[in-house]
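Asker: Once you've had a glance at the structure underneath, I'll fire off some questions.
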Amino acid sequence: MRIAVVPGDGIGQEVIPATLPALTALSEAFGLGISHDVFDWGADQWLATGVGLPTGAIDRLAREYGAVFLGALGDPRIPDMAHGRDILLGLRRGLDLYVNYRPIVLRHGVIDLYRENTQGLYAGVGGSITRSGTVTVAIDECVYTRKTVEDFVRFCLGRLGRTGRRKVTLVHKSNAVPNTGSLWQDVFRRELEAFPELVGSEEYVDSFCYNLVRDPTPYEGVLAPNLFGDIISDIGAALMGGLGMASSASICPETNFALFEPVHGSAPDIAGKGTANPYAAAMSLALMLDHFGHGAAAGLLRVCLTEVAGSDAATPDLGGKGSTQQFMAEVTDLLKRKTSVLPDTATP
Ligand SMILES: NC(=O)c1ccc[n+]([C@@H]2O[C@H](COP(=O)([O-])OP(=O)(O)OC[C@H]3O[C@@H](n4cnc5c(N)ncnc54)[C@H](O)[C@@H]3O)[C@@H](O)[C@H]2O)c1
């Protein structure tokens, strides 16, 4: 299996390279045959050439690769994030990665947060009117097609049912955003009928955020439109201990192609200091291994990450004294030690 690796900008260029030796170690120990190529799509290339996502990139990815492993995009030299939209939204739309899975891993268990990833307020429909250099009218439309909402909800309910979850909550704001809000409610209620093992509930996004922060324990599966899911996942990251902890997978259910990335951005405030926490990036690799059916390798990576995250080798945001490199070097060493004593049956 070939992976396209895109470190991107800022701390993406630190956390992504730091995690790759762990992937190589796992691939060798479990005989997974994973290889990767690195692509330098990001701010530097955009500023030098004006190219974000090169022509033909989507076709090439779909033809030659199984997944993308992405760092982050965002650079203070490009304040309007034009290159980020071109690359990240280009990948999401071009590869139809409409399911974004962002697990919120807490002490009591995991909340499976699913965010629709391609439409809603991020559909890119809108415009602005400028007079004498000042924007006087600005419009961003919230667009949802029934087909995308149906496909998204059906896929997520299927995954929740298969993984033994019992409760699923739809987050919406149909009292203030009635058109797309009631489309989501209608689809959710209809699709839920095919999953009698799941108990559905619906919450307004504002009250959901309040309840999640006060007590996350009642939640198991959560489905949200694009913007609400994006915001909820940052609240989830805060509950997990910071943005350095939250991982994600963006999936096209029809092709199984997927993009794995930490939830955090390029963090210009700490970029270049060597203190960025690589946990979220490495946990995204664990999601990738799970996605391709390598659950044992994913499980071992999680065990090693958790162990090192509680040690002095962890980065300062976790109370440790280590650098990005030291954290992952420790994880890779631990993986190698643990896989060297695994019985042969560990190889899938
Ligand atoms: N998917 C993406 O590529 C993505 C996501 C979010 C933001 N961005 C972009 O990233 C840039 C910075 O955005 P921001 O500052 O709002 O969000 P951010 O996630 O980059 O950083 C927010 C805060 O969290 C800290 N942080 C983030 N990741 C960390 C890590 N791994 N270890 C330790 N601390 C970490 C940062 O230092 C910062 O204080 C912007 O250009 C934004 O548009 C990109």
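First residue of the sequence shown? That's 12 in this note's numbering, and the numbers climb one at a time after it. Idealized CB from N, CA, C, for every residue including glycine.
1. Is it buried or exposed, residue 259, if we count other Cβ atoms within 10 angstroms and call 16 or more buried?
2. Return the bridge partner residues of residue 48 from the DSSP annotation.
3. Give a yes or no on contact between the stretch 336 to 345 and the stretch 301 to 319, applying the rule of three or more CB pairs nearer than 8 Å.
4. At the level of alpha carbons, what is the spacing between residue 151 and residue 131?
5. Would you mind stating whether residue 202 and residue 164 have Cβ atoms separated by less than 8 Å?
6. Could you tell me which whole beta strand (DSSP E) segments of length 3 or greater appear in the stretch 142 to 200?
7. Let me check understanding here. Comparing Cα to Cα, which of 190, 211, 188 and 40 lies closest to residue 199?
8. How should residue 103 be labelled, buried or exposed, when 16 other C-beta atoms within 10 angstroms of its C-beta is the threshold for buried?
9. Tell me whether residue 281 counts as near ligand 1, meaning its Cβ is closer than 7 Å to at least one heavy atom of that ligand.
10. May I ask you to list the residues that DSSP assigns as paired with residue 55?
11. Should residue 331 be counted as a contact of ligand 1 given a C-beta to heavy atom distance under 7 Å?
12. Using CA atoms only, rank isn't needed, just tell me which of 26, 78, 186 and 21 is closest to residue 300.
13. Helix, strand or coil for residue 359, going by three-state DSSP, please let me know.
14. I believe residue 111 touches residue 247 by the beta-carbon criterion, under 8 Å. Please report the beta-carbon distance rounded to the nearest angstrom.
15. Who are the Cβ neighbours of residue 329 in its own chain at under 6 Å, not counting the five residues just before and after it?
16. Any heavy atom of ligand 1 inside 7 Å of the beta-carbon of residue 94?
17. From the DSSP output, which residues share a beta bridge with residue 327?
18. Go ahead and pull the three-state DSSP assignment for residue 288.
19. With H, G and I counted as helix, E and B as strand and the rest as coil, what does DSSP make of residue 277?
20. By Cβ distance, which residues of its chain are closer than 6 Å to residue 40, with the 5 residues on each side in sequence left out?
Answerer: In this structure, then:
1. In the sequence shown, residue 259 corresponds to position 248, counting from 1. It counts as buried.
2. Looking up residue 48 in the sequence shown gives position 37. Residue 48 is bridged to 15.
3. yes
4. On the sequence shown, position 140 is the one that residue 151 refers to. On the sequence shown, position 120 is the one that residue 131 refers to. Residue 151 and residue 131: Cα-Cα distance of roughly 10 Å.
5. For the purposes of this step, residue 202 is taken as the residue at position 191 of the sequence shown. For the purposes of this step, residue 164 is taken as the residue at position 153 of the sequence shown. The answer is yes: Cβ separation under 8 Å.
6. 145 to 151 and 178 to 183
7. The sequence position of residue 199 within the sequence shown is 188, counting from 1. The shortest C-alpha separation from residue 199 is found at 211.
8. Taking the first residue of the sequence shown as 1, we reach residue 103 at position 92. Answer is buried; the Cβ neighbour count reaches 16.
9. For this step, residue 281 is matched to residue 270 along the sequence shown. Residue 281: yes, Cβ under 7 Å from ligand 1.
10. Working through the sequence shown from its first residue, we reach residue 55 at position 44. Partner(s): none; residue 55 has no beta bridge.
11. Translated into positions along the sequence shown, residue 331 becomes position 320. Because no heavy atom of ligand 1 lies under 7 Å away, the Cβ of residue 331 does not count as near it: no.
12. Translated into the one-based positions of the sequence shown, residue 300 becomes position 289. Checking every option, the nearest Cα to that of residue 300 belongs to 78.
13. The sequence position of residue 359 within the sequence shown is 348, counting from 1. Because the pLDDT at residue 359 is just 47, under 50, the model does not fix this residue reliably, and the point stays unresolved.
14. Translated into the one-based positions of the sequence shown, residue 111 becomes position 100. Translated into the one-based positions of the sequence shown, residue 247 becomes position 236. Not a contact, Cβ separation roughly 12 Å.
15. Start at 1 with the first residue of the sequence shown, and residue 329 comes out as number 318. Only 320 meet the Cβ criterion.
16. Counting from one through the sequence shown, the residue named residue 94 turns up at place 83. Because no heavy atom of ligand 1 lies under 7 Å away, the Cβ of residue 94 does not count as near it: no.
17. Your numbering for residue 327 matches position 316 in the sequence shown. Answer is none; residue 327 lacks a bridge partner.
18. Taking the first residue of the sequence shown as 1, we reach residue 288 at position 277. It is coil, neither helix nor strand.
19. Counted from its first residue, the sequence shown places residue 277 at position 266. It is coil, neither helix nor strand.
20. By 1-based counting over the sequence shown, the position of residue 40 is 29. Closer than 6 Å at the Cβ level, and outside the excluded window around residue 40, lie 350.
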